[in-house]
Structures are given as structure tokens and as C-alpha cells.
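Residue 818 is where the sequence shown starts when you use our numbering, and the numbers rise one by one after that. For each residue, glycine too, the CB sits at the ideal point set by N, CA and C. What follows is a short report on a single structure.
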Amino acid sequence: MAKIQIADLHSENFVELTAEEQYLIQGGIWWRVAAGAVAVACYIIENWSDIKKGVSDAWNGN
């Protein structure tokens, strides 16, 4: 497994993390879930009038 080295340049302390450890520290899959939720929310906000019209037309059988 690949190792990633993080250096604190002020104190010259080095910590080596595996890619898996770094992934877990950064929040893992939850960042992807959050990014997906933001993308969906942005899409809905940008296209709200079309979505509203489509739902209304479908509800009324148009």
C-alpha cells in the first residue's frame, strides 16, 4: 500500500500514513455523499421551475 508523508515543517516532525489511514482521517465516503447531496440540491435549485411544471403537469394528467 502506498505511504503518504505529511511533514510539519515548523517542528520537523514527520508522520507517515497509508492511503487508507489518510482516507479515514479525511472523512472517507462521507465527503463524497455530502458532495453528491450538494450537487443534487444545486440541480434542484437551478431547475426548480421546470421540475415544478413537470410535477404539476404529471399530477393533472397533461
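Exercise. Distance, Cα to Cα, residue 878 vs residue 867?
Worked result: In the sequence shown, residue 878 corresponds to position 61, counting from 1. In the sequence shown, residue 867 corresponds to position 50, counting from 1. Each residue's Cα considered, the two are about 16 Å apart.
Problem set entry | residue 873 versus residue 864 - alpha carbon distance | For the purposes of this step, residue 873 is taken as the residue at position 56 of the sequence shown. For the purposes of this step, residue 864 is taken as the residue at position 47 of the sequence shown. Near 14 Å, if we compare the C-alpha coordinates of residue 864 and residue 873.
Exercise. Leaving out the 5 sequence neighbours to the left and right, which residues in its chain are closer than 8 Å to residue 898 when beta-carbon positions are compared?
Worked result: No statement about residue 898 is possible, as the shown extent of the chain runs from 818 to 879 and does not include it.
Exercise. What span of residues does the alpha helix (DSSP H) with residue 877 cover, start to end?
Worked result: Working through the sequence shown from its first residue, we reach residue 877 at position 60. Counting along the chain, the alpha helix (DSSP H) containing residue 877 begins and ends at 865-877.
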